[in-house]
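Undergrad:
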Amino acid sequence: MRYSKLFSKTSKNAPHDTDSVNAKYLSQAGFVDQEMAGVYTWLPLGLRTLRKVEQIIREEMDALGAQEVFMPSLQPKEYWETTDRWEGVDILFKLESQTGKEYALGCTHEEVVTPLVQKFVESYKDLPFATYQINTKFRDELRAKSGVLRGREFRMKDMYSFHTTQESLTEFYNKTLEAYVKAYARCGLKVKVVQASGGIFTKNISHEFQALTDAGEDKLIACENCEFGQNEEVATYKAGDTCPKCNGSLAQMKGVEVGNIFDLGTKYTDAFKLDITNDAGEKQRVLMGCYGIGTSRLVGAIVETHHDDKGIVWPKSVAPFHVYLASLKSKDEAVQTRINTVSQEIYEALSDEGIEVLWDDRADASPGEKFANADLIGLPLRIVISEKTLKEDSVEWKGRADSEARLVKIGDVEDEVESFVEEK
Ligand code: ATP
Ligand code: MG
938 MRYSKLFSKT SKNAPHDTDS VNAKYLSQAG FVDQEMAGVY TWLPLGLRTL RKVEQIIREE
998 MDALGAQEVF MPSLQPKEYW ETTDRWEGVD ILFKLESQTG KEYALGCTHE EVVTPLVQKF
1058 VESYKDLPFA TYQINTKFRD ELRAKSGVLR GREFRMKDMY SFHTTQESLT EFYNKTLEAY
1118 VKAYARCGLK VKVVQASGGI FTKNISHEFQ ALTDAGEDKL IACENCEFGQ NEEVATYKAG
1178 DTCPKCNGSL AQMKGVEVGN IFDLGTKYTD AFKLDITNDA GEKQRVLMGC YGIGTSRLVG
1238 AIVETHHDDK GIVWPKSVAP FHVYLASLKS KDEAVQTRIN TVSQEIYEAL SDEGIEVLWD
1298 DRADASPGEK FANADLIGLP LRIVISEKTL KEDSVEWKGR ADSEARLVKI GDVEDEVESF
1358 VEEK
């Protein structure tokens, strides 16, 4: 992609009213645009990153054997009355049709998936199975804040699993927990796995996945070494204690919940009377689990944990492009022509190899502007082509997190970029 053609530009100054790093950098670097509090447009750069995050999660859910669907956001009031949640859920957006009929705007999808599954599942032979979607959710949050961390309209992957036995549910639950940790790691995020508040007092287990950042709302007691963590309000440990898992040391930390998983038992299958015929030919209530990941919040959490004072420092796996290619200005017309030609050749050669290049081809921008732009957008690799580098028959190469740049011979660029992109 040529930067000159990108309609969503970066801006020199951050919006004045941002309350968090992700809100500041995602807006300033042209990844998102705030329509109103808690509601964002995902611009071309932001959408590429969001899609990469969602694709990683899709791959991990597919690996669990879960089947992807896409459920409606417009949901009939009756379903929400069936689960007794039409009145009880304060963040539920409600709509009235011109005919007087009422609807909920999906804040979650138990009310859709349970009656859906009821239409297809009859026998114990149909279970276990899991289905998921990646969709937009709507929540009437009183305080939308911290950029994309808490929105009123946001993206979520939600998965639902159905079982005849507790063993089967527990097995799938534990496999999902592992898949979550792997998905976050692939997105460049380390998480603490926290048994959710109330979980220890109730029969049904639940875990939260917390990314550590001061922008988060949740207070944790967590291990400095391994993934163990507890919510502070219910914690059986305190800062300074030894970790029960790895003997590391526990400390107070702040986190943002980037996902959670629940053993729902028969909460929703009771409401909808979702039964199957078991192997003894008797009717049996189905057990259910649900598993959420806030994908747009995850993008925000990555920015909160991957930035410096100049901008975002994207992990390779979710950067919108791999390479920021900057061709610099020269006063000498012949040199300028050569800069442009070499840039074009490198851009095409890399693109042909499937490497994603954002080419800052602007003729009027100064080197300083291009460097600042590269740092703000935060692509993993910056390649500069200038009069100076061409004298050495080279390009200037700098990783976003590197402090020093180095020269790479033009003939070696393609191979070196390929191995850079491939290496973890
Ligand atoms: P929280 O405790 O942060 O309010 P929640 O417990 O209500 O979230 P769920 O209903 O289980 O969350 O939703 C699943 C996931 O969706 C959460 O783990 C979180 O990552 C994400 N999420 C929830 N609410 C929002 C929101 N308002 N904006 C963005 N992401 C959200
Ligand atoms: Mg929560």
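The sequence shown begins at 938 in my numbering and counts up by one. Note that beta-carbon positions come from the ideal geometry of N, C-alpha and C, so glycine has one too.
1) Please classify Val990: does DSSP put it in a helix, a strand, or coil?
2) Among the candidates Asn1162, Leu1187, Glu1090 and Arg1092, whose CA atom is the shortest distance from the CA of Tyr1174?
3) With a threshold of 7 Å, establish whether the CB of Glu1388 neighbours any heavy atom of ligand 2.
4) Provide the residue span of the alpha helix (DSSP H) that contains Arg1234, from first to last.
5) Please go through the same chain and pick out, in chain order, the residues whose beta-carbon is closer than 7 Å to the beta-carbon of Lys1220, but skip the five residues on each side of it.
6) Grab me the residues of Leu1362's own chain with a C-beta within less than 6 Å of its C-beta, minus the 5 sequence neighbours each way, in chain order.
7) Would you mind giving the Cβ-Cβ distance between Arg1089 and Phe1075, rounded to the nearest angstrom? I have them listed as a contact below 8 Å.
8) Report back the beta-carbon spacing between Val1195 and Ala1148 to the nearest angstrom; my notes put them in contact at under 8 Å.
9) Looking at ligand 1, does it come within less than 7 Å of Asn1197, judged from the CB to the closest heavy atom?
10) With distances taken between CB atoms, is the gap from Ile1314 to Ile1249 smaller than 8 Å?
11) Quick one: Cα of Asn1310 to Cα of Asp1246, how far?
12) What is the DSSP secondary structure of Asp1027, counted as helix, strand or coil?
13) Can you say whether Gly1231 is buried or exposed, counting buried as having 16 or more other CB atoms within 10 angstroms of its CB?
14) Taking the alpha carbon of Gln1103 as the point to measure from, which residue in Pro981, Lys1127, Thr1203 and Asp1269 has its own alpha carbon closest?
15) If I follow the unbroken alpha helix (DSSP H) through Lys961, where does it start and stop?
16) Given a threshold of 16 other Cβ atoms within 10 Å of its Cβ, counted over all protein chains shown, does Gly1002 qualify as buried or as exposed?
17) Note down, one range per segment and in chain order, each alpha helix (DSSP H) of at least 4 residues found wholly within the segment 1149–1207.
18) Quick check: Lys1112 and Thr1150, are their CB atoms within less than 8 Å of each other?
19) Quick check: the Cα distance between Thr1278 and Met1225, rounded to an integer number of angstroms?
20) Distance, Cα to Cα, Met998 vs Leu1318?
21) Quick one: using the 10 Å Cβ neighbour count with 16 as the cut-off for buried, is Phe968 buried or exposed?
22) Beta carbon of Ile1276, beta carbon of Leu1262: below 8 Å?
23) Measure the C-alpha to C-alpha separation of Thr947 and Val1171 and round it to an integer number of angstroms.
24) Can you give me the C-alpha to C-alpha distance between Val1255 and Leu987, rounded to a whole angstrom?
25) Return the Cβ separation of Val1050 and Tyr1097 in integer angstroms, given the expectation that the two are a contact with Cβ distance under 8 Å.
26) Where does the unbroken alpha helix (DSSP H) through Leu1114 begin, and where does it stop?
27) What first and last residue would you give for the beta strand (DSSP E) that runs through Lys1346?
28) Helix, strand or coil, according to DSSP, for Gly1136 in the structure here?
29) Taking C-beta to C-beta, are Asn1197 and Leu1086 nearer than 8 Å?
30) From Pro981 to Pro1257, what distance separates their C-alpha atoms?
31) Measuring CA to CA, which of Ala1152, Leu1032 and Val1332 is closest to Gly1237?
32) Determine the burial state of Ser1060: buried for a count of at least 16 other Cβ atoms within 10 Å of its Cβ, exposed for fewer.
33) Would you identify the three-state DSSP class for Ala1067, choosing helix, strand or coil?
34) Per the DSSP calculation, Ile1213 is bridged to which residue(s)?
35) Go through its chain and collect everything with a Cβ distance to Gly1136's Cβ below 7 Å, but skip five positions before and after it.
36) Where Ser1264 and Thr1274 are concerned, what is the direct C-alpha to C-alpha distance, given to the nearest angstrom?
TA: This is what the structure holds:
1) It is helical.
2) Checking every option, the nearest Cα to that of Tyr1174 belongs to Leu1187.
3) A question about residue 1388 goes unanswered here, because the residues of the chain that appear run from 938 up to 1361.
4) Where Arg1234 is concerned, the enclosing alpha helix (DSSP H) stretches over Thr1232 to Thr1242.
5) Here the set comprises Asp1212 and Thr1214.
6) Here the chain covers residues 938 to 1361 and nothing more, so residue 1362 does not appear.
7) Their Cβ separation, rounded to whole angstroms, is 7 Å, which keeps Arg1089 and Phe1075 in contact under 8 Å.
8) The C-beta distance from Val1195 to Ala1148 rounds to 5 Å, short enough to fall under 8 Å.
9) Asn1197 Cβ: within cutoff of ligand 1.
10) Yes, they are a contact pair.
11) Distance from the CA of Asn1310 to the CA of Asp1246, rounded to the nearest whole angstrom, comes to 13 Å.
12) Asp1027: coil per DSSP, three-state reduction.
13) Under this definition Gly1231 is a buried residue.
14) That would be Thr1203, whose Cα lies nearest to the Cα of Gln1103.
15) Residues Val958 to Gln965.
16) It counts as exposed.
17) Whole alpha helix (DSSP H) segments, 4+ residues: zero.
18) In this structure, Thr1150 does not lie closer than 8 Å to Lys1112 by Cβ.
19) Rounded to the nearest angstrom, the two C-alpha atoms are 60 Å apart.
20) Taking the straight line from one Cα to the other gives about 30 Å.
21) It counts as buried.
22) Not closer than 8 Å, so no.
23) Cα-Cα distance, rounded: 44 Å.
24) Distance between the alpha carbons of Val1255 and Leu987 is about 8 Å.
25) Confirmed, about 5 Å.
26) Segment Gln1103 to Arg1123, the alpha helix (DSSP H) holding Leu1114.
27) Lys1346 -> beta strand (DSSP E) spans Arg1343 to Lys1346.
28) Reliability fails at Gly1136, whose pLDDT of 43 lies under 50, so the model's placement of it is uncertain and no value is given.
29) No; because the gap between Cβ atoms is not below 8 Å, this pair is not in contact.
30) Going by C-alpha positions, Pro981 is about 9 Å away from Pro1257.
31) Per the Cα distances, Ala1152.
32) Here Ser1060 is exposed. Its C-beta has fewer than 16 other C-beta atoms within 10 Å.
33) Three-state DSSP puts Ala1067 in a strand.
34) According to the DSSP secondary-structure assignment, Ile1213 is paired through a beta bridge with Gln1221.
35) Residue placement at Gly1136 cannot be trusted, given a pLDDT of 43 that sits under 50; the coordinates are not used to answer.
36) Straight-line measurement puts the Cα of Thr1274 at about 11 Å from the Cα of Ser1264.
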